Amino acid sequence: MVRNSFIVELVDGHRKLRHLFLFNDVIACAKYKALGRDRIDYELKWFIPLKDVSIYEEADPAVELKESSPANISQVKRNLRSVRDQLAMEVANSGSGAFRSGDKYRRKLADLESQLVLATPNLVLRLGNKANNKTITFFLSSDFERTQWIDSILSLKQKCNLPGANTINSLEVTAFIVAMQKGMKTEMGSYLMRNTNDESLLVGDLYMGVHGLEGLEQANDLYICVEVDSYGHYFRKATTKKICRSQTPLWNESFMLELEGSQNVRILLYEAKERPLLKAKHILKLSLSWLTETTQPKSIKLTETLELGCSFRFIPGELFRGSTKPGALFGAKMSQVLKREKRDIPFIIGACIREVERRGMLEVGCYRVSGSASDLAKLKKAFESDAYEAEQLLREVDIHSVTGILKTFLRELPEALFTDQLYPRFFDTFSAFSNNNESTRINELLKVFEELPQANKASITSILDHLIRVHEKETDNKMSLHNLAMVFGPTLLRPGQTQVKQKDPLAASTVDVMAQAGILYCFLQARIKKD
């Protein structure tokens, strides 16, 4: 047997999970049956002698893929997150019967995950049978796997010198499969044969650094692709720049990889050619036994001689997203929002920060350009009605609408995060020291900061750390610390209504804006020095 893998076949308009086998002279497709832990049975559905196989490498626009009742992937994922949160809450309760009710959610989770196994692949691979002029359509998730299948079939067809008569029958093909079954391994197999005792699939954000490669015998033009599995299928998530004519390529690139139902990261090393040449491959098993929220260096052996330097940091996905019932968010008091959501930081703050760090860090003026008014209206409505819908919508709108809705939420708080009560203290402390005495000014501001409510401090700290990460990409996004302080200063710090009435509005406004930006700049500097 040359290759085998689980694959999704389109049969009469419906997606079916299949197992595809490639032998030296025949390709066969079987229905997969799970009989329990480490037990799989197969029912042969069809086979084609390789001499009769044709491959359609390019999708034919004239061929319409008629799929009956395609799954709403967004809705399935929302349901999955909801059930996952409900399961986590049941486990956290740890009361009488918690495990049994948790078992109910685990069954729901398994059902939804199986739906995603069928629904998520979208790369088409079409094979033809010259003997009966039939076309077979498969869906894959990874271009790497699609290319591997095509190359393997074409290579075997060139070597295939079968007699004109087809002497292969279904009994022989079934016997081939049974004979190979014990030693057979597929990358999706580990997912499909999981049980409740296995480590949970990972959900969250994986920050991966790709650094240098050692062990090359000669200089090459190289780049790396990173794929992450999601419910058994691999999807390409990142590609490094190409390093030309180097024997010790150094990328030093960082990527944020979204994990959703993930177990593995697949690292592919390519030599850049007209048709990219795969030089090495490695599958890294992800586990909470070594992944932490602090950056961990990791050396990965791609081959006996090639070693790739990487680093990893994992931020678990948000659980307990709070009430999905309609409730006021924009214009509501911070204490009311946190009480309803039962969390330390409002969900909207964490969700927006994650989305900006996922795809907006290199966007020029990511916090200075305004978002679409229609997108902001949709996001407002979603956040006040359905947290899962809002999270999905964040991924679909323009990144400036994501940053815009975060600023809108903070601006519409009845009381700024630095509080009405302490604002005069922050203002007076900042004004009492000149720029030449910045360290003393920062220390005194930090003393006032400690008097803020714990919930306010948690949200402010989260925002400050995010802004510093945005600033680290200043070369690309043009967001300096001064720019960020000017944008967020008046949003996070502002006088209460009674304080505004006691001043000349125009004069006070100008002075306050400069002070607000200056105060926030001091806190940003303090966080950088602390790190």
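Letter 251 of the sequence shown, counting from 1, is numbered 251 in the UniProt record's numbering, and no numbers are missing.
Built from N, CA and C at the ideal position, the CB exists for glycine as well.
None of these values were measured; they are calculated from a predicted model.
Original post:
What's the C-alpha gap between Lys77 and Asn483?
Top reply: Distance from the CA of Lys77 to the CA of Asn483, rounded to the nearest whole angstrom, comes to 37 Å.
Subject >> Selection from Ile27, Asp398 and Val203 that minimises the alpha carbon distance to Ser152 >> reply: Ile27
Original post:
Looking only at its own chain, which residues have a Cβ that is under 8 Å from the Cβ of Thr440, when we skip the five neighbours before and after it?
Top reply: Phe433
Subject >> Identity of the residue in Pro276, Leu123, Val173 and Asn456 nearest Leu338 by Cα >> reply: Asn456
**OP:** Quick one: using the 10 Å Cβ neighbour count with 16 as the cut-off for buried, is Arg275 buried or exposed?
**Re:** exposed
**OP:** Could you tell me how far apart the beta carbons of Gly404 and Leu376 are, in whole angstroms, since I believe they sit closer than 8 Å?
**Re:** 6 Å
Original post:
Which value, in whole angstroms, describes the spacing of the CA atoms of Phe383 and Glu389?
Top reply: 8 Å
Subject >> For Ser431 and Ala526, believed in contact at Cβ under 8 Å, the rounded distance >> reply: Not confirmed; about 18 Å, so no contact.
**OP:** From the DSSP output, in three-state form, read off Ser323 for me.
**Re:** With a pLDDT of 44 at Ser323, under the threshold of 50, the modelled position of this residue cannot be trusted; read the value that follows with caution. In the structure shown, Ser323 sits in coil (DSSP, three-state: anything other than H, G, I, E or B).
Subject >> Beta-carbon spacing of Gly204, Ile315 below 9 Å >> reply: Yes; because the gap between Cβ atoms is below 9 Å, this pair is in contact.
Original post:
Val53 to Leu140, Cα distance in whole Å?
Top reply: Taking C-alpha positions only, Val53 is separated from Leu140 by approximately 19 Å.
**OP:** Could you tell me the distance, in whole angstroms, from the CA atom of Gln392 to the CA atom of Leu379?
**Re:** 10 Å
Subject >> For Asp41, three-class secondary structure by DSSP >> reply: strand
Subject >> Reduced DSSP secondary structure (H/G/I, E/B, other) of Asp143 >> reply: helix
Subject >> Helix, strand or coil at Gly371 according to DSSP, with G and I counted as helix >> reply: coil
Original post:
DSSP state of Asn93, grouped into three classes?
Top reply: helix
Subject >> Neighbourhood of Gly518 by C-beta, 8 Å cutoff - its chain only, sequence neighbours within 5 removed >> reply: Phe430, Ala485 and Gly489.
Original post:
Is Val487 helix, strand or coil by DSSP?
Top reply: Val487 falls in the helix class under three-state DSSP.
**OP:** Just grab the DSSP bridge partners of Ser230 for me.
**Re:** Answer by DSSP bridge pairing, in chain order: His233.
**OP:** Measure the C-alpha to C-alpha separation of Gly322 and Cys352 and round it to an integer number of angstroms.
**Re:** Legend: pLDDT at Gly322 = 45, less than 50; position of this residue unreliable, value from coordinates given subsequently. Cα-Cα distance, rounded: 15 Å.
Original post:
Can you give the Cα-Cα distance for Leu506 and Gln497, rounded to whole angstroms?
Top reply: With a pLDDT of only 49 at Leu506, under 50, the local geometry of the prediction cannot be trusted, and the value read off the model is given with reservation. Roughly 14 Å between the two C-alpha positions.
**OP:** Have a look at Tyr423 and Arg494 and give me their C-alpha separation to the nearest angstrom.
**Re:** 7 Å
Subject >> Whole-angstrom C-beta distance between Lys279 and Gly365, which should lie under 8 Å >> reply: That pair is no contact at about 39 Å.
**OP:** Between the Cα of Arg425 and those of Gly371, Phe449 and Phe523, spot the shortest distance and give me the residue it belongs to.
**Re:** Phe449
Original post:
Is it buried or exposed for Gly13, if we count other Cβ within 10 angstroms and need 16 for buried?
Top reply: exposed
**OP:** Can you tell me which of the three DSSP states Trp149 falls into?
**Re:** helix
Original post:
By Cβ distance below 6 Å, which residues in the same chain neighbour Thr324 in space, the five residues on each side in sequence not counted?
Top reply: No answer about Thr324 holds up, because its pLDDT of 42 lies below 50 and its placement is not dependable.
Original post:
Pick from Gly102, Leu222, Arg81 and Asn79: whose alpha carbon is nearest that of Glu90?
Top reply: Gly102
**OP:** Using three-state DSSP, classify Gln247 as helix, strand or coil.
**Re:** coil
Subject >> Validate contact between the segment 209 to 216 and the segment 249 to 258 using beta carbons, cut 8 Å, 3 pairs >> reply: yes
Original post:
Touch check for the segment 225 to 238 and the segment 168 to 183: three-plus C-beta pairs under 8 Å?
Top reply: no
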